[in-house]
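Number of protein chains: 2
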Amino acid sequence: MTSNTSPGAVDPAVREELARLRDSIDNIDAAVVHMLAERFKCTQQVGHLKARHQLPPADPAREARQIARLRTLAENAKLDPAFAEKFLNFIIAEVIRHHERIADDKTNGAAPAADASGPGE
Amino acid sequence: MTSNTSPGAVDPAVREELARLRDSIDNIDAAVVHMLAERFKCTQQVGHLKARHQLPPADPAREARQIARLRTLAENAKLDPAFAEKFLNFIIAEVIRHHERIADDKTNGAAPAADASGPGE
C-alpha cells in the first residue's frame, strides 16, 4: 500500500488500515481493563482471607514465582520480559495503594482490614 | 470458614481458598501479558504505517479519546478510573521506549523507523 494522494491528504486505504489497528488496540485495552478489574477483586478477597485467618501479608516466595513465571510467559509471547516484570510491579504498587486505603478506612471505623494480602498475590 | 488449627498452622480449607484465588490471579496475569504482547504488535504496525506515509507521530485528540473511554470502561467495571488512566500512561511510556529503540536501530543502519506512531495509539 503506497500513498498516492496530494501532500497533506491521507490515502483512504492508509486511513482505513490505521483505523483497523486502532480498533484492535481499543479492544485489547478494554479487555485488559476488565481483566484488571477482576484481578483487583481477587486480591481484595485474598486480603480479607489473610486478615481473617492471621496469615502473613507478604509471601516473598510466591512473589518470586510470579515474576519468574510472567517473565517466561512474556518471552514466549515475544514481549520484553523486563517489561512483564515492570508491569507486575506496577500492579503491585496499586494493590498496596488499595490496602493502604482499606487500612485508613479501618482506622476510621469502617470495614475490617483487607491489607493482609501479599501486594502482588 | 474459620481457622480451627493450632497457631502457626493453616486451616486446609483456608489454604485451599487462597490457592484458588492465586490460581485466578495467575490466569488473569497470563491473559494480560498475552494481550499486551498483541497490543505492542499493533502499535509497532501503526509505527511502520505512519513512518511509511509521513503521518504525524502524535495525535492528541486520539489520546484524549482513549483516556476518556478507558476511564468510562473502568468505572463500569468498578475499577478506579484514575488507575485506568495511570495504566494507559504506563503502557504509553513503554511504547515510547520501543520507538526510541527502533530509532536507535535506524541510526545504526538497521530496519526503517517505526517511531512515528502516537505513543498510546
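These protein sequence lines are chains E and D, in that order.
The opening residue of the first sequence carries number -2 in the numbering used here; numbering runs sequentially from there.
The opening residue of the second sequence carries number -2 in the numbering used here; numbering runs sequentially from there.
We put the CB at the ideal spot given by N, CA and C, even for glycine.
Would you identify the three-state DSSP class for Asn1/D, choosing helix, strand or coil?
Confidence at Asn1/D is low in this model, with a pLDDT of 45, below 50, so its placement is unreliable and no value can be given for it.
Contact set between Ala74/E and chain D, taken where Cβ atoms lie within less than 7 Å
Val30, His31 and Ala34
For Gln51/E, three-class secondary structure by DSSP
coil
Mind pulling the chain E residues with CB within less than 9 Å of Ile25/D?
Ile25/D reaches chain E at Met32, Leu33, Glu35, Arg36 and Cys39, counting residues in chain order whose Cβ is nearer than 9 Å.
In its own chain, which residues sit with a C-beta less than 7 Å from the C-beta of Glu68/E, not counting the 5 before and 5 after it?
Residue identity differs from the one stated: residue 68/E is Arg in this sequence, not Glu. For Arg68/E, where only same-chain residues beyond five positions count, the Cβ hits under 7 Å are Pro78, Ala81 and Glu82.
Taking the C-alpha atoms as reference points, what is the distance between Asp101/E and Gly44/E?
14 Å
Can you tell me the Cα-Cα spacing of Ala108/E and Arg49/D, whole angstroms?
Because Ala108/E sits at a pLDDT of 49, beneath the cut-off of 50, its placement in the model cannot be relied upon, and the point is left open.
For the alpha helix (DSSP H) that Glu72/D lies in, which residues bound it at each end?
Pro57 to Asn73
For a cutoff of 8 Å on Cβ pairs, would you count Val92/D as touching chain E?
no
Which same chain residues end up closer than 6 Å to Glu72/E when comparing Cβ atoms and leaving out the 5 residues on each side of it in sequence?
Pro78
Distance, Cα to Cα, Ala63/D vs Asn86/D?
Checking the sequence, you will find Gln at residue 63/D rather than Ala. Cα-Cα distance, rounded: 11 Å.
According to DSSP, is Leu76/E part of a helix, a strand, or is it coil?
coil
Would you identify the three-state DSSP class for Ala10/E, choosing helix, strand or coil?
helix
Going along the chain, which residues of the segment 41 to 52 of chain E sit with their C-beta nearer than 9 Å to a C-beta in chain D?
Gln42, Val43, Leu46, Lys47, Arg49, His50, Gln51 and Leu52
Chain E contact for Asp8/D (CB, 8 Å cutoff)
yes
Counting only beta-carbon separations shorter than 8 Å, does Ala71/D have a partner in chain E?
Yes, its Cβ sits closer than 8 Å to a Cβ of chain E.
So does Asn73/E have its beta carbon nearer than 7 Å to some heavy atom of the ligand FMN?
This structure lacks the ligand FMN; in fact it carries no ligand of any kind.
With DSSP run on the structure shown, which of helix, strand or coil describes Asn24/D?
helix
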